[in-house]
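Right, one structure below, let's go through it.
There are 2 protein chains.
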Amino acid sequence: MTRIAKPLAPAALEMVAGRFKVLAEPARLHLLNVLMAGERTVGDLVETTGLNQANVSKHLALLAEAGFVSRRKEGLHAWYVIADSSVFKLCDLMCSAIARKLGKDLQAVK
Amino acid sequence: MTRIAKPLAPAALEMVAGRFKVLAEPARLHLLNVLMAGERTVGDLVETTGLNQANVSKHLALLAEAGFVSRRKEGLHAWYVIADSSVFKLCDLMCSAIARKLGKDLQAVK
DNA sequence: TGACTGTATAACTGCACAGGAATACAGTAG
DNA sequence: CTACTGTATTCCTGTGCAGTTATACAGTCA
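Chains A and B, in that order, give the protein sequences.
Under this note's numbering, residue 110 is the last one in the first sequence; the count climbs by one each step, no gaps.
Under this note's numbering, residue 1110 is the last one in the second sequence; the count climbs by one each step, no gaps.
Next up, the structure:
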């Protein structure tokens, strides 16, 4: 369980925390989850997620700023697509961690 | 970039988001970073991080509730230790993602 | 040109939460 | 018992941000 400690500078901690924060919203995870199937327009995402248009735009802006998705304009439409596949691994890891945690909690109860 | 879409239930999204949120604070990442070197008492962590005692206790409580660390009481002292090594992978992944992002931003500027 | 569609951007409100101060609690020592 | 130490918890305050509404902007079509 012990690792070589590589102390991180405050600025680095802020950066990492900031990016985790982008993933720390159900709405944004929902958008990413839909985008995992491929490129979508804002309108598609509004319809699929049930979120209103302004909200979707803002969430996508945050995801894009963090580099998780990228934007492509085509006429009136804006197409968004996953730009960093590490989000898949991040979410998978987190889901596995949750499964382990729930398993422990279950053992503690029964 | 396209994957098989496995739609997640709202409750699942909340869970995943909630755990990302625990990692979305510089102070907690700092604590985890120190704990990567091994088990520490609250006092150790207060001294190492410069955070005040109440803050450290509260952050550790959140980390423990999420299952990232676990607590062991010994006399007056409370020893905390990393309980889920996936935090290492999560942070490594995030750091790599940041490096890629910064590399892209750099290319876009120069 | 003007009307319309898709998207982005204010401006506002409410809430969750980090940080700090004070206090409560548990364990030890005398 | 009392005094003290290490840790947890409560209360308070300020701030960041999600959600909503309204509006602005950009591109298309007549």
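Backbone N, C-alpha and C fix where the C-beta goes; we use that ideal spot for every residue, glycine too.
On a predicted model such as this, the values are computed, not experimentally measured, just so you know.
Give the straight-line distance between the Cα atoms of residue i and residue j, rounded to the nearest whole angstrom.
i	j	result
B/Leu1013	B/Ala1083	23 Å
A/Leu106	A/Ala99	10 Å
B/Asn1033	A/Leu76	46 Å
A/Glu74	A/Met15	32 Å
A/Leu93	B/Leu1090	7 Å
A/Glu65	A/Ser85	15 Å
A/His30	B/Lys1006	11 Å
B/Ala1078	A/Val42	50 Å
B/Gly1103	A/Met36	24 Å
A/His52	B/Thr1048	As written in the sequence, residue 52 of chain A is Asn, which differs from the His given in the question. Straight-line Cα distance between these residues: approximately 45 Å.
B/Val1081	A/Lys110	25 Å
B/Gly1050	A/Arg72	45 Å
B/Leu1063	A/Ala97	13 Å
A/Val46	B/Leu1045	45 Å
B/Ala1061	A/Ala54	36 Å
Kindly say whether residue i, judged by its beta-carbon, lies nearer than 8 Å to any beta-carbon of chain B.
i	result
A/Ala97	yes
A/Leu45	no
A/Arg100	yes
A/Asp84	yes
A/Leu51	no
A/Phe90	Correcting the residue identity first, residue 90 of chain A is Leu in this sequence and not Phe. Interface residue, yes.
A/Leu76	no
Is the Cβ of residue i closer than 8 Å to any Cβ of chain A?
i	result
B/Ser1057	no
B/Leu1106	no
B/Lys1110	no
Rounded C-beta distance between residue i and residue j? I'm assuming under 8 Å.
i	j	result
A/Arg28	A/His59	5 Å
B/Phe1068	B/Val1056	15 Å between Cβ atoms; not a contact.
> When Cβ atoms are compared, which residues of the segment 1015-1034 of chain B fall closer than 9 Å to chain A?
Replying inline: Met1015, Val1016, Ala1017, Gly1018, Arg1019, Phe1020, Lys1021, Val1022, Leu1023, Ala1024, Glu1025, Pro1026, Ala1027, Arg1028, Leu1029, His1030, Asn1033 and Val1034
>> Short of 7 Å Cβ to Cβ, which residues in the segment 61-74 of chain A face chain B?
In response: Gly67
> Between the segment 1019-1038 of chain B and the segment 18-33 of chain A, do at least 3 Cβ pairs fall closer than 8 Å?
Replying inline: yes
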